[in-house]
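Worksheet for the structure shown next.
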Amino acid sequence: MARARAKNSVLVVGGGIAGIQASLELADRGFKVYLIEKSPSLGGRMAQLEKVFPVTDCSRDCVGTCWLCVLMPRMIECHRHPNIELLTCAEVKKIEGKIGDFTVNVVKSPRYVEEDKCVNCGVCVEKCPVSVPDEFEMRLKDRKAIYIPFPQSVPDIVTIDKKNCLHFKNGRCSICEEVCKAEAVDYEQKPEQVTLNVGAIIVATGFDLFDPSQIPAYGYGKFSNVMTAMELERILSPFGPTQGRLLRRSDNKEPKSVAFILCVGSRDKRFYSYCSSICCKYSLKMAVSIKQRNPKTEVYLFYTDLRAFGKGFQEFANEAKKIYGVRYIRSNPGELLEDPATKDIRIWYEDTMSRGVQNLTANLAVLCNACVPREGTGELAKILEIKLDNFGFVKQLDEITYPVDTTVPGIFAAGYALGPRTGDIPDSITQASAAAERVFEVLHVKKEE
Amino acid sequence: MKMSEVDPNFMHEVANTPRGEGVLTCIQCGRCTSSCPVARFLTEHNPRRLMEMIILGFRPDVLHGLPWYCLSCFTCLDRCPQRGDVGEVVFAIRSLAAREGDIPEGVVEQAKNLFGTGRLVPTTEFMHRQRKSLGLPEISTSAKDAETIMKRTGFDKIIAKTSTRRSK
Amino acid sequence: MKYALFLGCLISAREPGYELYARKVMPHFGIELVDMPETTCCAPFSIQSLDYMGWLAMAARNLAIAEEMRLPLLAFCNDCYESLLMTSIILRDNPELRSKVNDVLSELGKEYKGKVEVKHLLEVLHQDIGVKKIKDAVKRPLTELRVATQIGCHAVRPKMIHPTLAVSPETLDKLVRATGAETVDYDKKGVCCGGPLRGVNDEISRQLTRQKLQGMKEAGANCVVTVCPFCFIQFDLGQLEIKRDFKEEYNLPVLHFVELLSLATGLEIKDWKMRDHRIPLDSVYEKIKGS
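If you read the sequences in order, they're chains A, B and C.
For the first sequence, counting from 1, position 169 maps to 169 in our numbering; every step adds exactly one.
For the second sequence, counting from 1, position 46 maps to 495 in our numbering; every step adds exactly one.
For the third sequence, counting from 1, position 112 maps to 729 in our numbering; every step adds exactly one.
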């Protein structure tokens with residue numbers, strides 16, 4: 001494609017919901033958008049979720065996942081839009097210049113698969129002999145060395161994970177090349193350097209999750225039935241490792257009781273002192289989702305403060321208590337122990353409302369762990385010369401007057417890359433819109449001198 | 450406890466006592482009590498509730514008896530998300546209680562030993578003999594220095610107060 | 618490596634076995650223990666509770682002695698270690714407080730400049746010497762011993778003041794395994810022994826020890842190894858008290874870690890005149906006699 005004039009071009013770093021939203025808005029306005037994503041597919045965190053809230057317009061009987069309705073059309077639109085150029089498996093390596101005229105060096109890592117030829121028939125994936133833990137599935141199951149992150153990936157092209165591929169390790173395996181009818185496999189592919197000339201940049205790189213094994217008292221990593229919230233999302237998702245059946249790891253049986261533990265790593269001066277802002281909401285959503293599947297399942301939520309702010313959440317929380325029977329216990333548990341025979345999790349807590357140390361045994365414990373800066377944010381910040389806040393999130397130029405500007409003119413940010421502002425999906429979308437508007441403003445609106 | 454006995458300034462009194470600053474940032478999450486080994490045996494010992502009572506100003510209830518169940522095992526301190534920590538605040542309220550002469554017998558004994566001999570566990574003739582027979586060096590201590598320190602920092606007055614309180 | 622040895626009140630008065638065997642085995646590993654003149658009590662928790670300045674001054678006086686000797690301070694007892702470590706950190710970071718403390722110390726002709734390093738016995742064994750050197754020095758592998766370790770609270774908590782996690786909960790287990798003995802995981806392993814409440818609230822103190830002994834017995838341990846002299850008393854004398862109060866017998870001999878280490882490095886059993894061990898050590902002698 002012809003490289004458009006800088007003033008009409010924008011680079012969006014990050015292919016999650018915020019990046020996608022910003023790209024679409026700018027593309028619709030006539031900008032040329034380069035949407036860069038480090039992983040092989042668009043989608044980001046939202047693609048890993050089962051449902052999103054509020055589920056008001058949809059049929060309660062829906063057995064799909066929300067993002068099929070919300071995210072998927074946007075992803076496809078990004079792929080199809082004439083003004084958007086999608087660069088997946090790509091990272092920013094260097095920039096020069098200034099607002100209105102940035103020169104960006106992007107490196108596209110090789111997929112070892114020709115993008116124009118692959119039709120995602122799936123035969124290579126089936127035949128590949130290598131299995132490795134699947135990051136998208138939060139390591140709950142394996143994927144092959146040649147893989148597509150999830151069935152609805154955009155672009156729907158497979159990628160070879162060079163690090164684990166036998167062909168690159170010992171040169172002896174060429175199964176995927178042999179079975180590919182489209183002759184799309186190309187082991188000789190090299191990293192591609194792409195130079196872009198853009199007027200503005202939007203950073204929308206999202207978040208990673210705190211590793212709860214740093215809190216030994218909670219037994220994550222030791223006890224098979226202690227899992228994180230994102231892992232539960234994958235379990236609940238119909239496209240996940242259990243096809244949406246709620247089964248626990250130790251015995252593959254449906255848990256009769258599930259306990260959510262909030263503020264794991266968040267609001268904790270030992271780790272991250274801020275509130276991650278989305279956990280009270282999503283745990284509520286998942287609790288109700290579990291109750292909807294099987295009203296007999298006991299669901300407990302161990303909280304410190306119930307931060308269910310904004311439209312509809314307090315009502316939802318009340319509904320969860322009264323109608324669905326979710327049990328809220330105001331306590332931050334001291335420790336989780338495992339029963340060696342049943343692998344059930346015993347939770348020691350003090351019900352701060354009724355007093356007294358108690359313990360509760362649940363079949364499954366879910367830790368709502370803190371949302372932390374995405375790995376690689378530090379390097380990206382150095383390259384772009386933007387400042388980060390003391391937690392490692394992108395620092396806003398000014399929290400009140402320039403909430404989506406970074407400290408470098410012409411570079412903006414949106415979504416959880418900015419940290420736990422309010423953090424949930426509608427807010428990411430709002431910020432993305434704001435960032436898009438700022439781009440339009442700085443590139444096309446003449447300022448009064 | 451009567452409402453008239455509530456001391457609204459108690460929280461700040463504790464916060465201004467050394468090691469008591471944590472009371473200002475307690476969010477009453479309950480993790481400390483859930484982790485406390487003593488709380489599992491004794492319902493009266495509830496670290497979170499102790500903090501709550503300080504914050505609410507129940508001064509007499511807090512200072513009498515309650516602070517002395519704590520083991521100082523620091524399990525709570527390790528787990529407190531606010532680094533506020535009742536494990537440290539306990540020292541503050543104990544020192545406040547001590548100023549009023551409210552100290553358990555066992556602790557008074559230890560303090561008296563310290564004052565008199567410079568050691569928590571005084572030596573006896575038997576110990577000296579046993580050490581000699583095992584070829585261990587003589588114990589060298591300075592009771593005088595210990596006494597000087599305790600006098601200089603007002604320690605001796607605290608102990609004296611307990612004696613007078615007991616005799617009442 | 619030379620260290621200023623801070624024994625503390627309990628070991629020097631009540632646990633000569635600890636001191637004796639520490640002095641015998643440490644030189645094997647190139648550690649020289651230099652006695653500190655005229656130490657006073659470290660001011661453990663019960664005393665700290667009474668007066669803040671009193672605590673700091675008492676502890677700092679001992680630190681000043683080590684400073685005069687120009688040696689790092691080595692503590693065996695967990696409580697001594699924690700009291701002196703906390704004091705050294707508070708005074709290192711707080712010059713105003715340090716000058717107030719020195720005000721008091723000046724009356725004794727002493728000054729603490731804030732430079733002493735405080736180390737724990739396990740820290741020295743694990744970091745300065747290392748598991749490998751210990752393994753190499755073992756002449757009599759103690760393979761028949763199934764040890765329930767009690768590292769104690771103050772060697773490992775609170776994490777935030779323990780410099781670079783000098784001692785972690787696994788350290789004692791690693792060192793015990795280096796002697797060839799097996800370590801067991803038991804219920805309530807990381808929980809306090811109840812020592813600090815001895816003499817203050819004996820009922821709770823004993824209950825805490827008892828629940829640990831139960832766990833140890835269930836896990837199949839045949840002896841207990843401690844580092845802290847308070848933990849030692851809780852488990853050793855404590856077993857007699859529990860037998861009297863609860864009519865329960867555990868028959869678990871309790872050893873100081875330096876005694877275990879001494880046995881492993883080949884010290885003669887007939888040297889053993891441990892009167893401070895209330896639970897007889899016969900079963901331990903029997904098990905290791907063969908090797």
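All C-beta atoms, glycine included, are put in the ideal place defined by N, C-alpha and C.
DSSP bridge partner residues for residue i (one or two, in chain order)
i	result
Glu-37 of chain A	A:Thr-88
Thr-342 of chain A	Thr-342 of chain A pairs with nothing; no bridge assigned.
Ile-95 of chain A	A:Val-104
His-616 of chain C	Chain C is shown only over 618 to 908; residue 616 of chain C falls outside these bounds and no answer can be derived.
Asp-862 of chain C	Per DSSP, none; premise fails for Asp-862 of chain C.
Thr-800 of chain C	C:Val-764
Asn-359 of chain A	A:Trp-348
Val-12 of chain A	A:Leu-35, A:Ile-202
Leu-371 of chain A	The residue you asked about is not Leu; residue 371 of chain A is Cys in the sequence shown. According to DSSP, Cys-371 of chain A bridges with A:Leu-209.
Tyr-487 of chain A	A query on residue 487 of chain A cannot be resolved here, the shown segment of chain A reaching from 1 to 449 and no further.
Tyr-402 of chain A	A:Asp-398
Arg-330 of chain A	A:Tyr-303
Proximity of residue i and residue j at Cβ, strictly below 8 Å
i	j	result
His-79 of chain A	Pro-155 of chain A	yes
Ser-716 of chain C	Val-735 of chain C	no
Val-52 of chain A	Val-70 of chain A	yes
Phe-490 of chain B	Gln-851 of chain C	no
Cys-128 of chain A	Ile-175 of chain A	yes
Pro-553 of chain B	Val-817 of chain C	yes
Leu-708 of chain C	Asn-679 of chain C	no
Tyr-357 of chain A	Tyr-324 of chain A	According to the sequence shown, residue 357 of chain A is Val rather than Tyr. No, these two residues do not count as a Cβ contact at 8 Å.
Asn-105 of chain A	Thr-205 of chain A	no
Pro-420 of chain A	Cys-263 of chain A	no
Ala-145 of chain A	Ile-157 of chain A	no
Leu-367 of chain A	Pro-212 of chain A	yes
Asp-804 of chain C	Glu-835 of chain C	yes
Cys-280 of chain A	Ala-308 of chain A	yes
Gly-219 of chain A	Glu-315 of chain A	no
Any non-hydrogen atom of the ligand HEM closer than 7 Å to residue i Cβ
i	result
Ile-17 of chain A	By its list of ligands, the structure shown contains no ligand whatsoever, and the ligand HEM lies outside what it can speak to.
(request) Please name the residues in the region 669-683 of chain C whose beta-carbon is closer than 7 Å to at least one beta-carbon of chain B, in chain order. (result) For chain B, the residues of the region 669-683 of chain C that bring a beta carbon within less than 7 Å of one of its beta carbons are Tyr-669, Met-670, Gly-671, Ala-674, Met-675, Arg-678, in chain order.
(message) Could you check whether the region 29-39 of chain A touches the region 209-224 of chain A, counting it as contact only if at least three pairs of C-beta atoms, one from each stretch, sit closer than 8 Å?
(response) These segments do not touch.
(request) Would you list, in chain order, the members of the region 773-800 of chain C that have their beta-carbon closer than 7 Å to a beta-carbon of chain B? (result) Residues Arg-774, Pro-775, Lys-776.
(request) Quick one: which residues of the region 371-383 of chain A get their C-beta closer than 9 Å to a C-beta of chain B? List them in chain order. (result) Flagged: no residues at all.
(message) For the structure I just gave you, are there three or more beta carbon pairs, one from the region 843-856 of chain C and one from the region 690-703 of chain C, closer than 8 Å?
(response) Taking a cut-off of 8 Å for Cβ pairs, the region 843-856 of chain C and the region 690-703 of chain C touch, as three or more such pairs fall below it.
(message) Between the region 578-592 of chain B and the region 624-636 of chain C, can you find at least three pairs of beta-carbon atoms closer than 8 Å?
(response) Inter-segment contact for the region 624-636 of chain C and the region 578-592 of chain B is present: three or more beta-carbon pairs are separated by less than 8 Å.
(request) Compile a chain-ordered list of the residues in the region 335-349 of chain A whose CB is closer than 7 Å to at least one CB of chain B. (result) If the cut-off is 7 Å between Cβ atoms, the region 335-349 of chain A has Glu-335, Trp-348, Tyr-349 near chain B.
(message) Please list, in chain order, the residues of the region 256-277 of chain A that have any C-beta partner in chain B closer than 8 Å.
(response) Residues passing the 8 Å Cβ filter: Cys-263, Arg-267, Asp-268, Lys-269, Arg-270.
(message) Below 8 Å, how does it come out for the region 636-643 of chain C and the region 531-539 of chain B: are there three or more Cβ pairs, yes or no?
(response) In this structure the region 636-643 of chain C does not touch the region 531-539 of chain B; the number of beta carbon pairs closer than 8 Å is below three.
(message) Using 8 Å as the cut-off, can you tell me whether the region 769-778 of chain C makes contact with the region 478-491 of chain B, which would need three or more C-beta pairs spanning the two stretches below that distance?
(response) No: the two stretches stay apart, fewer than three of their Cβ pairs being nearer than 8 Å.
(message) In chain order, what are the residue ranges of uninterrupted beta strand (DSSP E) at least 3 long that sit wholly in the region 714-752 of chain C?
(response) Within the region 714-752 of chain C, the complete beta strand (DSSP E) runs of at least 3 residues are 735-737.
(message) Going residue by residue through the region 181-260 of chain A, where are the continuous beta strand (DSSP E) segments of at least 3 residues, counting only ones entirely within it?
(response) Fully enclosed beta strand (DSSP E) runs of 3 or longer: 192-198, 200-203, 207-209, 226-228.
(request) Answer yes if the region 175-189 of chain A comes into contact with the region 113-122 of chain A, meaning at least three C-beta pairs across the two stretches below 8 Å, and no otherwise. (result) At 8 Å Cβ cutoff, the stretches touch.
(message) Give me the subset of the region 585-614 of chain B whose CB atoms are less than 9 Å from a CB atom of chain C, sorted by chain position.
(response) Sequence-ordered contacts of the region 585-614 of chain B with chain C read Leu-585, Pro-586, Ile-588, Ser-589, Thr-590, Ser-591, Ala-592, Lys-593, Asp-594, Ala-595, Thr-597, Ile-598, Met-599, Arg-601, Thr-602, Gly-603, Phe-604, Ile-607, Ile-608 [C-beta pairs closer than 9 Å].
(request) Pull out every residue of the region 521-549 of chain B whose Cβ sits closer than 9 Å to any Cβ of chain A, in chain order. (result) From the region 521-549 of chain B, only Thr-524, Cys-525, Asp-527, Arg-528, Cys-529, Pro-530, Gln-531, Arg-532, Gly-533 have a Cβ closer than 9 Å to chain A.
(request) Can you check the region 109-188 of chain A for any alpha helix (DSSP H) of at least 4 residues that lies completely inside it and give the ranges in chain order? (result) Entirely contained in the region 109-188 of chain A, the alpha helix (DSSP H) runs reaching 4 residues are, in chain order, 123-127, 166-170, 175-179.
(message) Closer than 8 Å is the cut-off here; do at least three beta carbon pairs connect the region 516-531 of chain B with the region 568-583 of chain B?
(response) Flag = no, the region 516-531 of chain B and the region 568-583 of chain B do not touch.
(message) Three or more C-beta pairs under 8 Å: does that hold for the region 88-104 of chain A against the region 6-21 of chain A?
(response) A contact exists between the region 88-104 of chain A and the region 6-21 of chain A.
(request) Select from the region 470-490 of chain B all residues with a C-beta closer than 8 Å to any C-beta belonging to chain A, and list them in chain order. (result) Within the region 470-490 of chain B, the residues whose Cβ lies closer than 8 Å to some Cβ of chain A are Ile-476, Gln-477, Cys-478, Gly-479, Arg-480, Cys-481, Thr-482, Ser-483, Ser-484, Cys-485, Ala-488, Arg-489, listed in chain order.
(request) Mind checking the region 645-663 of chain C against chain B and listing, in chain order, the residues whose C-beta falls within less than 9 Å of any C-beta there? (result) Of all residues in the region 645-663 of chain C, the ones placed with a Cβ closer than 9 Å to any Cβ belonging to chain B are Asp-652, Met-653, Pro-654, Glu-655, Thr-656, Thr-657, Cys-658, Cys-659, Ala-660, Pro-661, Phe-662, Ser-663, in chain order.
(request) Decide yes or no for the touch test of the region 541-557 of chain B against the region 505-519 of chain B: beta carbon pairs closer than 8 Å, at least 3 of them. (result) As far as the Cβ criterion goes, the region 541-557 of chain B touches the region 505-519 of chain B, which means the pair count is three or higher.
(message) For the region 708-732 of chain C, list every residue whose C-beta sits within 7 Å of some C-beta in chain B, in sequence order.
(response) Within the region 708-732 of chain C, the residues whose Cβ lies closer than 7 Å to some Cβ of chain B are Val-721, Glu-724, Leu-725, listed in chain order.
(request) With 8 Å as the C-beta to C-beta threshold (strictly closer), list the residues of the region 494-506 of chain B near chain A in chain order. (result) Residues passing the 8 Å Cβ filter: Asn-495, Arg-497, Arg-498.
(request) Identify each residue in the region 563-582 of chain B for which the Cβ-Cβ distance to at least one residue of chain C is less than 7 Å, and report them in chain order. (result) Listed in sequence order: Leu-563, Gly-567, Arg-568, Leu-569, Val-570, Thr-572, Met-576, Gln-579, Arg-580.
(message) Under 8 Å: do the region 411-424 of chain A and the region 387-395 of chain A share three or more Cβ pairs, one atom per stretch?
(response) With a cut-off of 8 Å, the region 387-395 of chain A and the region 411-424 of chain A count as touching, because enough Cβ pairs lie within range.
(message) I'd like the ranges of any alpha helix (DSSP H) spanning at least 4 consecutive residues and lying wholly in the region 458-503 of chain B.
(response) Counting only unbroken stretches of 4 or more residues, the alpha helix (DSSP H) elements lying wholly within the region 458-503 of chain B are 459-464, 480-484, in sequence order.
(message) Report the start-end ranges of each alpha helix (DSSP H) in the region 533-612 of chain B that is 4 residues or longer and not cut off at the edges.
(response) As far as the region 533-612 of chain B is concerned, its whole alpha helix (DSSP H) runs of at least 4 residues are 535-548, 554-566, 574-583, 592-601.
(request) Tell me, please, whether the region 494-506 of chain B touches the region 432-444 of chain A by the rule of three or more beta-carbon pairs shorter than 8 Å. (result) Touching, no, given that fewer than three Cβ pairs across the two stretches are closer than 8 Å.
(message) Does the structure place the region 748-765 of chain C close enough to the region 658-672 of chain C that three or more beta carbon pairs sit under 8 Å?
(response) In short, these stretches do not touch, since the Cβ pair count stays below three.
(message) Counting beta carbon pairs with one atom in the region 852-860 of chain C and one in the region 873-884 of chain C, are three or more of them shorter than 8 Å?
(response) Three or more beta-carbon pairs separated by less than 8 Å are not found between the region 873-884 of chain C and the region 852-860 of chain C, which leaves the two stretches without contact.
(message) Closer than 7 Å between beta carbons: that is the criterion. Which residues of the region 815-832 of chain C meet it against chain B?
(response) Sequence-ordered contacts of the region 815-832 of chain C with chain B read Gly-816, Val-817, Asn-818, Ile-821, Gln-824, Leu-825 [C-beta pairs closer than 7 Å].
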